[in-house]
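Each residue of the sequence shown is one higher than the one before, counting from 1 in UniProt numbering.
Where is the CB? At the ideal position from N, CA and C, for every residue including glycine.
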Amino acid sequence: MTAVPPEVPARRVTAHLLTGGPSVLGARVLFGQDPADVVRELGGLSPHTPLVAVDVLTELVQAPDGTPLHVERVVFAEAGTAPADAPQGVLAPSAAELLPEEELPEDTRPRLRRFASYGIVTDPAGRILLSRIAEGFPGGGTWHLPGGGVDAGEDVRTALRREVAEETGQDGEVGELVTAASHHRVPPTGYEIYAVWAFFRVYVANPGPARVMEENGSTSDCGWFEPGEVAGLHLSTTARRGLAHVVAGDGRSAPPR
């Protein structure tokens, strides 16, 4: 008998606001929306209210018709009020996130949606690990944060550890979330692109020579850099977004040592 392949889960992204009490507000993030903006509107906050991204939780749930869903829950709190950890077991799926994807007009250009996890990777000497995007890929030739897309059914931290190993040959411990951001681009032709990026600290306790392990992938090179060297590199948009929070100082503790 031929084995039936497992059904690929539909993907959802939701945004949640910790209120300081037992309740957690939440809403679905639609294509093109910034999760932080969704949370501000959900909580009746000013559009300029500073937020802290507390955690990203991956959950596998089912729609009422039995369709499997892979949900990435981005949890925020108002700056200055963030608890150490996001609560577990209270983010039950809402009716909105269980609905099918929104219908699009027939003349809408094709869309590419992605949830990706990236690492700000350091070692005991304080060096920063970067990978280089291969030519022919978006951002080709720029230095990038190790990481990439989260596969269907894969936990966001598991995905990052896998990507770091594939792109640099390093075994890292994924630590706390630094920030979460969105990226929406409408090029003149081709796909309309929307991504939600999660940036985590990753600590490599026993670093070795950086080397690309994947074959014919999107990474052409990798290396360890002193912090002062990074400013002189041609960085990808993603790397600039993630590293800006570290340079500015985000009030978080250092990676585990």
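- Leaving aside the five residues that flank Glu214 on each side, the residues in its chain whose CB is nearer than 7 Å to its CB run, in chain order, Glu166, Glu167.
- The closest CA to that of Leu25, considering only Phe31, Gly32, Glu41, Arg12, is found on Glu41.
- Counting C-beta atoms within 10 angstroms of its own C-beta, Ala116 has 16 or more neighbours from the protein chains shown and is therefore classed as buried.
- The criterion of a C-beta distance shorter than 8 Å is satisfied by Thr142 and Ser236.
- Secondary structure of Arg157 (DSSP, three-state): helix.
- A straight-line Cα-Cα distance of about 5 Å links Gly147 and Leu160.
- Check the Cα spacing between Phe137 and each of Ser220, Gly242, Val150, Leu60: the tightest is with Ser220.
- Only residues of its own chain outside the window of five on either side were considered, and among them Arg127, Leu129, Ala210 have a CB closer than 6 Å to the CB of Trp224, listed in chain order.
- Under a 10 Å Cβ-count criterion, Ala27 is classified as buried, with 16 or more other Cβ atoms of the shown protein chains found around its own Cβ.
- The DSSP-derived three-state label of Thr219 is strand.
- Within the UniProt domain "Nudix hydrolase" (112-247), the complete beta strand (DSSP E) segments of 3 residues or longer fall at 128-133, 147-149, 173-185, 192-203, 219-225, listed in chain order.
- In the structure shown, Arg40 falls within a helical segment according to DSSP collapsed to helix, strand and coil.
- A Cβ-Cβ distance of about 5 Å is found for the pair Val74 and Pro35, placing them in contact under the 8 Å criterion.
- For His48, there is no enclosing beta strand (DSSP E), as DSSP gives it neither H nor E.
- Contact check for Val202 and Val246: beta-carbon distance about 12 Å, past the 8 Å limit, so the pair fails to qualify.
- Here the alpha carbon of Ala134 sits roughly 45 Å from the alpha carbon of Gly20.
- Going by DSSP, Thr67 is part of no beta strand (DSSP E) at all; its letter is neither H nor E.
- Inclusion of Arg114 and Leu69 in the CB contact set at 8 Å is not warranted, their separation being larger than that value.
- Within its own chain, the residues whose Cβ lies closer than 7 Å to the Cβ of Gly43, once the five positions on either side in sequence are excluded, are Leu17, Leu25, listed in chain order.
- Its Cα nearest to that of Asp55, the residue Ala180 stands out among Ala180, Leu30, Ser218.
- The C-alpha of Tyr194 lies about 30 Å from the C-alpha of Pro227.
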